[in-house]
Amino acid sequence: MIAAVSALGMTAVLGGCGGVGSGEVTLKLVAADYGDSGANSSQKYWDDLVEEYEEAHPDVKVDVSVRSWTDVDREVREMVAAGDAPDLAQIGAYADYAAKGELYQADELLSIPTQADFVAQLADAGKVSRTQYGMPFAASTRLLFYNKKLFTEAGLTPPTTWSELAADAAALKEEDVKYPYALPLGPEEAQAEAMQWLLSGGDSYTSEVGTYGIDSPQNIKTFTWLKDELVDKGLTGPVAPGKLNRAAAFAAFARGEVGMLNGHPSLMKIAAARGVDVGMVPMPGEESSTRSAMGVADWMMAFKKNGHRSEVGDFLDFVYDEKNVLAFSREYDLLPVTSSASRTMSTAARDKDLVPFLEELPTAQLYPVGKTSWAQVSAHIKQRIGTALATNGDPATVLTGLQKQANSEENAE
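Numbering (UniProt numbering), first residue to last: 1 to 413.
Structure below.
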């Protein structure tokens, strides 16, 4: 972790951006909604933050529009295409815009301490051609969740290997657990579940040199094991993995119908609200616990079109102040994207439930978001990878098909 001094208000001295200009400026920010109801919509977080910022900066107004995750990436893409780009967007992907020269570089906006405070691997994931354009805004990692009550009733201990996971799932099935292991490979977020399994098998979507390797021998072996040892043996529940979405799997876990599944921090709150006693362990690997968890980050980016570089930079220094990063992370059970907030969370008693996820972050592997082809490749994975585990599915054929599509998208860049 990089030690950094809070630099709120020091953009003019250290950021190379100049002070906030004279005359009133309105910044437009489109942001994703992390809430699960109107009561905890992200709009409230942004309204409170903007009110505080505007009190200290009377010449700057910030107009925040919060959109659902279902629509926000598409709506920002449509705004940019129509020549109406917002000043800031907090969404899921930045690389396409960076590759087209539409974004400010992070070092054109942020003070030096603010930029240096980002968790290192998150900052690296925000780079295209070694230049950072995507500023991490929220992060999470994945752990294997299990229902302690169901495990106790079946006399089980949490698994550390694939074979133990399969044995536990078989025992849970004998106890009439509806979903011994919930395997959501439906189109909502199949790319996440698939990547966690690829990592547990020792590989991922890309090779060490950054090229796509979706159909690597190890990945084919991983999905073949899933089909042979879990799906075909009826250990993944009544809904075919390719039809099961993450939200449905999480809801089933909260109803006490799931023995095990991969989950992120917000599932703790969902399950606790329904009285489910949750256990969490690192994802099992083929022969031992997985060395690399999957990490996910969402991104803040700033578009050049409207100018306002100094105002945007000053506002972002405020957004990334430690107290604001912590407030957002705690509200939505997410991990801080800055080292200073991470250090605070790691020792604060109120954040103890998030510490296991925080401990996974330094070695977590993220989607290849710096590849401009990733958005389309991810879309293909969401739609097709679940078919590898269908009754007549063939993992090698499906993964090879996805690899060909990935190569085509890469070559089209």
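We treat Cβ as the ideally placed atom computed from N, Cα and C, and that holds for glycine.
Here residue 236 is buried: its Cβ has 16 or more other Cβ atoms, across all protein chains shown, within 10 Å. The C-beta separation of residue 105 from residue 132 comes to about 7 angstroms, placing the pair in contact by the 8 angstroms criterion. Around the beta carbon of residue 329, 16 or more other beta carbons sit within 10 angstroms, so the residue counts as buried.
Contact between residue 214 and residue 403 holds: their C-beta atoms lie close to 4 angstroms from each other, under 8 angstroms. In this structure, the alpha-carbon of residue 112 lies about 12 angstroms from that of residue 320.
DSSP places residue 158 outside both helix and strand once states are collapsed to three, so it counts as coil. In this model, residue 276 and residue 146 are separated by some 10 angstroms (Cα to Cα). With a threshold of 16 other beta carbon atoms within 10 Å, residue 392 falls short and is exposed. Fully enclosed alpha helix (DSSP H) runs of no fewer than 4 residues occupy 95-99, 112-116, 120-125 of the region 84-140, in order along the chain. DSSP places residue 183 in the coil class of the three-state scheme, outside both helix and strand. Within 10 angstroms of the beta-carbon of residue 372 lie 16 or more other beta-carbons, which makes it buried. For residue 253, the enclosing alpha helix (DSSP H) starts and ends at 246-254.
Only residues of its own chain outside the window of five on either side were considered, and among them 144, 159, 160, 161, 162, 164, 165, 200, 290 have a CB closer than 8 angstroms to the CB of residue 284, listed in chain order.
Listed in chain order, the alpha helix (DSSP H) elements of length 4 or more contained wholly in the region 47-90 are 72-81. Fewer than three Cβ pairs drawn from the region 346-356 and the region 150-158 lie within less than 8 angstroms of each other, which leaves the two stretches out of contact. No Cβ-Cβ contact shorter than 8 angstroms links residue 60 with residue 318. In the structure shown, residue 147 adopts extended strand secondary structure according to DSSP, grouped into three states. Inclusion of residue 386 and residue 242 in the CB contact set at 8 angstroms is warranted, their separation being smaller than that value.
Beta-bridge annotation (DSSP): residue 338 is paired with 118.
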